[in-house]
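A quick write-up on the structure given underneath.
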Amino acid sequence: ANKYDDFRREWVRQRRARMDWQAIINPCHDNMAWGKVKAGWEKPNRTNASTSEIIFQDIRPAGEYSKIFIQSKTSDNVTKVIGGDTWRVYVRGPENIAATLFDHNNGTYQALFLIMEPGIYQLFIYLDYSLCDGFRDPPRDWFIRGIAQGKFQREGLLGPLDDYLVQPLQSGRPMGIKVTKAETNLSLGDKLHSPESCSSTCNKLWDGFGRWRNDKWRPYLEESYNWSLPANYISSGTLWVYGDSLGVRLYQSISSRALCRKLYCKCKNSYNWLYPIITEQQSRTKNDSLDFLAGEVLKAIRSVLNTTELQQPSSVLLLNLGLHYPVSVNFTTFQKVIGQVINLLKETQALLPNPQS
């Protein structure tokens, strides 16, 4: 029973880690401003992947969580006692997996991964950033220096940059691990029959965790999507996909399928970077001297929420406010926008007629 408790604890920990922004930025919470360097965080103290090493590994049988610990060191082989590095760990063999990384804020980093197939695996470990450079906010005038959408700043505007390292651990020396056969035939579902509550769980959404096997993506929890509609079902509502090019691709993928043809009356799409896109060509050239305006984002979302289609109780708005924001505005600004969008959605929900009344 203790082994299953450990499994459930790691399962929940891995999922919480993806959503816990406070834990993610904790080692760098006071070291994200552009152009400012804390004492002791100068370039000579930058981590070097060639001198860094794996100091401990706990490789478990298939179906159990394994982990490795990386000790960061400088070019002079000095052991680091601060966090702020961005390591990337891949596990490749019968299955291919991207590990979840934890910064312990003391110079060590834990990579956690779940392998389901026994066999010989290789570890591919890269140092992307050091000294919190991977969390650095853009300069204060970054958005203004771009086009109206806060993008396409002039090449070289930030001066010479050498912070993106992409260094392989131990200069790429092969690192192999052996994963033995599972010690139990219990499925993951059985192991998770009574998981502790997890604030990031949403039973209506696939959690995105899994691995590649034979060039096919395999979720850890296999689900069946062979759904069917009652014979007398009448299509209702609109599924509205709102977001960047990923949203456009999703919309194009589903527009001719049963989701948009049978479950909903129709699907619609709004294309945005930070602000709405009329045409890409126009958006790439339109310029102004304005800073980021959160009100423009809210106005665009509000206009969609106020459409007749989304006033229906069976309609759904799928929002994707992603990549374009963190590359154009600082983290606190992005947070505020998300908070304002949440408030807007709550206000809109409160105004909608209650279908039960």
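The opening position of the sequence shown corresponds to residue 1 in the UniProt record's numbering, with each subsequent residue numbered one higher.
Here a beta-carbon is modelled for each residue, glycine too, at the ideal position from N, C-alpha and C.
Nearest residue (CA-CA) to residue i, options the options
i           : options               : result
residue 145 : 292, 270 and 311      : 292
residue 181 : 99, 269, 118 and 340  : 118
residue 245 : 285, 320 and 303      : 320
residue 10  : 21, 123 and 63        : 63
residue 28  : 6, 137 and 193        : 137
residue 105 : 94, 111 and 82        : 82
residue 122 : 271, 173, 229 and 285 : 173
residue 148 : 213, 312 and 287      : 287
residue 329 : 168, 153, 227 and 191 : 153
residue 240 : 290, 339, 17 and 317  : 317
residue 236 : 190, 22, 311 and 294  : 311
residue 213 : 343, 92 and 233       : 92
residue 270 : 285, 301, 139 and 260 : 301
residue 55  : 69, 135 and 42        : 69
residue 125 : 327, 332 and 111      : 111
residue 71  : 85, 59 and 61         : 85
residue 21  : 107, 57, 135 and 67   : 135
residue 175 : 120, 221, 185 and 73  : 120
residue 158 : 258, 35, 58 and 256   : 35
residue 208 : 186, 19 and 42        : 19
residue 333 : 347, 305 and 294      : 294
residue 190 : 142, 211, 115 and 220 : 220
residue 53  : 78, 304, 32 and 60    : 78
residue 6   : 151, 114 and 211      : 114
residue 60  : 50, 151, 15 and 177   : 177
First through last residue of the beta strand (DSSP E) which encompasses residue i
i           : result
residue 102 : 100-103
residue 177 : 176-179
residue 317 : 316-320
Residues that residue i bridges to, as DSSP identifies them
i           : result
residue 267 : 239
residue 217 : 212
residue 307 : None; residue 307 has no bridge partner.
residue 278 : DSSP output for residue 278 lists no bridge partner at all.
residue 119 : 179
residue 167 : 127
residue 272 : 276
N- and C-terminal bounds of the alpha helix (DSSP H) containing residue i
i           : result
residue 251 : 245-254
residue 154 : Careful: residue 154 lies outside any alpha helix (DSSP H) and carries neither H nor E.
residue 10  : 2-19
residue 188 : 188-191
Practice problem: Examine the Cβ distances between the segment 119-137 and the segment 278-289 and report whether three or more of them are shorter than 8 angstroms. | Solution: Touching, no.
Quiz prompt | Continuous beta strand (DSSP E) assignments of at least 3 residues falling wholly in the segment 46-116 | solution = As summarised for the segment 46-116, the continuous beta strand (DSSP E) elements at least 3 residues long and confined to that stretch are 53-58, 65-71, 86-92, 96-98, 100-103 and 108-114, given in chain order.
Quiz item: Counting pairs of Cβ atoms below 8 angstroms between the segment 158-173 and the segment 37-53, do you hit three or more?
Solution: The segment 158-173 is in contact with the segment 37-53.
Quiz item: Counting pairs of Cβ atoms below 8 angstroms between the segment 323-342 and the segment 248-265, do you hit three or more?
Solution: Touching, no.
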